[in-house]
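Report on the following structure.
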Amino acid sequence: MKYVVVIPDGMGDKPLKELGGKTPLEAAHTPHMDFFASRGVVGLVSNIPDGFTPGTDIGCMSVFGYDPAVYYTGRGPLEAAQLGIELAKGDLAFRCNLVTIEGDALKDFSADHISTPEAKILIKALGEHLHKHYEGEVQFYPGEGTGYRNLFVYHGNARRMAKVACTPPHDIMGRKYKDYLPKGDGSSFLIKLMEESRKVFLDHPVNQKRVEKGLGPASMIWLWGQGVSPHFPSYYKRFGVRGGVITAVDLLKGIAIHAGLDVIKVPGVTGYFDTNYVGKAEYAINALRSRDFVVVHMESTDEAGHIGDARLKIQAIEDVDRLVLGTLRQGLQEFDAFQIMVLPDHYTCVETRTHSSDAVPFLMYSTRAEKKGPAKFCEKTAAESGMKVAQGHTLMDLFVKGNLG
Ligand SMILES: [Zn+2]
């Protein structure tokens, strides 16, 4: 048996007036998803447990079959794994953004999409400056990050610092940044590091050049998403399958590495609308020739939601259906038996341009147990099916055991 899981990130959505009360998935022409749905099982699944923020890290951990309430320690350590950085006991990994401050407002969480070479110079300068004061306590990784997305590791009292309340910078765009600095026991140390970065970055030649070109400067670092190294039981132990993951997103690569799954690289993958959809599906088929299980993740559906464009979201869903599901459907014929599951990690709503915690639609299909499902795969038919999985991390068990209800 071969297992394929397709995750169109953020595909779930609400009915939209401009689509005559339909959701983008409902309005999209998706013959391949509908083929599997009509011969399989559909339902709703809650991937975001109560008390968690509806992010890709949480949603995808549930999809992969790991209970976020048990295994999630933070975004930082997932990204560290992806960079090949091993965390020792007592280490705490933070996401370290480069951000633009204007006046007292956080103007841009990405420092105007600063380039990786520029970020490398700034992070290196900061690391050298801070090493003088905090040698052995702080570690930066110049050149290891991508653009504004960097990593910081604190070697010290991780347990204490893990509880500091940090705020994701993309949630406070345009607001007074000082209101959202780290809070709680241990926060003063982090605030000190962030303040020191302001001094180092102010008038730095990299920033001077950016300002001359009309670009936003990297005013400071912003630390958040911290956590210690998580301990996931391996996929093989948990589900008895060996597999791989195809994605452009660092967080998913981190989950894959912690789960003992292979990160399969595909040329031309961008995490955007121009990604190599067909390549993803072809590499997935190839991966299954030597493995049991593969996850194919697409980010374009989520991007369209964040842009707030219903037509673009429909287009992204149709591209995923035609180019990914279509290619998979054909390629999977070479195997004796296969199962496929399609589901988003969370909603990314066109109307609000952000994620929501709503239960998402899923479909499951098995060549060994064909069923009579709805003609169309969408939020509405999933809700009407009456099948509801309250804990997202339990769905993978049902899928792998072929227990399709
Ligand atoms: Zn997501």
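Residue numbers (our numbering): 2 to 406. Just so you know, even glycine gets a beta-carbon here, dropped at the ideal spot from N, CA and C. Since this is a predicted model, take the numbers as computed values, not measurements.
Closest residue to Ser357 among Ala28, Ser116, Asp303 (Cα-Cα distance): Asp303
CB contact check: Gly148 to chain B, cutoff 9 Å: As a matter of chain content, chain B is missing from the structure shown, which is built from one protein chain.
Residues that Val42 bridges to, as DSSP identifies them: Met365
Near ligand 1: Gly175 beta-carbon under 8 Å from a heavy atom: no
Residues near Val401 in its chain [Cβ-Cβ closer than 6 Å; skip 5 each side]: Phe240
Distance cut-off 8 Å: Pro345 Cβ against heavy atoms of ligand 1: yes
DSSP beta-bridge partners of His156: Asp92
Among Leu20, Phe110, Gly44, the one whose alpha carbon lies nearest that of Cys379: Gly44
Buried/exposed call for Ala82, threshold 16 Cβ in 10 Å: buried
Cβ pair Gly77, Ala94 closer than 9 Å: yes
For Gly110, the nearest candidate out of Thr395, Val100, Thr117 (CA to CA): In the sequence as displayed, the identity of residue 110 is Phe instead of Gly. For Phe110, the nearest C-alpha among the options comes from Val100.
Bounding residues of the alpha helix (DSSP H) (the contiguous stretch that carries Ala28): 25-28
Spatial distance of Val351 from Tyr273 (CA atoms): 16 Å
Beta carbon of Asp293 nearer than 9 Å to that of Val64: no
Reference Leu289, options Tyr366, Met221, Val246, Leu79, closest by Cα: Val246
Alpha helix (DSSP H) segment containing Tyr348, residue limits: Looking at the DSSP string, Tyr348 is not in any alpha helix (DSSP H); the run it does join, the beta strand (DSSP E), is 348-350.
Beta-carbon contacts of Tyr237 that lie in its chain and below 7 Å, excluding the five residues immediately before and after: Arg243, Gly261
Cβ-Cβ separation, Gly185 to Val165 (assumed contact under 8 Å), whole Å: 5 Å
beta-carbon His171 near ligand 1 non-hydrogen atom, thresh 8 Å: no
Cys97 beta carbon near ligand 1 (any heavy atom closer than 8 Å): no
Residue of Lys90, Lys23, Val5, Met62 minimising C-alpha distance to Thr395: Met62
The stretch 221-238 in contact with the stretch 165-184 per 3-pair CB rule at 8 Å: yes
beta-carbon Asp303 near ligand 1 non-hydrogen atom, thresh 8 Å: yes
Beta-carbon proximity of Tyr142 to Asn98, cut-off 9 Å: no
Under the three-state DSSP convention, the category Val264 falls into: strand
Counted within 10 angstroms of its Cβ, other Cβ atoms place Gly22 as buried (16 or more) or exposed: exposed
Distance between beta carbons of Pro25 and Asp35, contact taken as under 8 Å: Actually they do not touch by this definition, with Cβ atoms about 15 Å apart.
Best match in Leu203, Tyr284, Gly104, Tyr4 for proximity to Lys177 [C-alpha to C-alpha]: Gly104
Beta-carbon proximity list for Glu10, same chain, < 7 Å, skipping 5 on both sides: One detail in the question is off: residue 10 reads as Asp in this sequence, not Glu. Once the five neighbours on either side are set aside, the close Cβ partners of Asp10 are Thr57, His298, Met299, Glu300, Thr302, Asp303, Pro345, Asp346.
Contact under 9 Å by Cβ, Val279 with Phe37: no
Spatial distance of Gly146 from Lys373 (CA atoms): 48 Å
Contact check, Gly41 vs Leu364, beta carbons under 9 Å: yes
9 Å Cβ cutoff met for Val5 and Leu399: no
Span of the beta strand (DSSP E), counted from its first residue to its last, around Met299: 294-299
Per-residue burial, Gln392 [other beta carbons within 10 Å of its own, 16 or more giving buried]: exposed
Euclidean distance between Cα positions of Glu27 and Pro16: 9 Å
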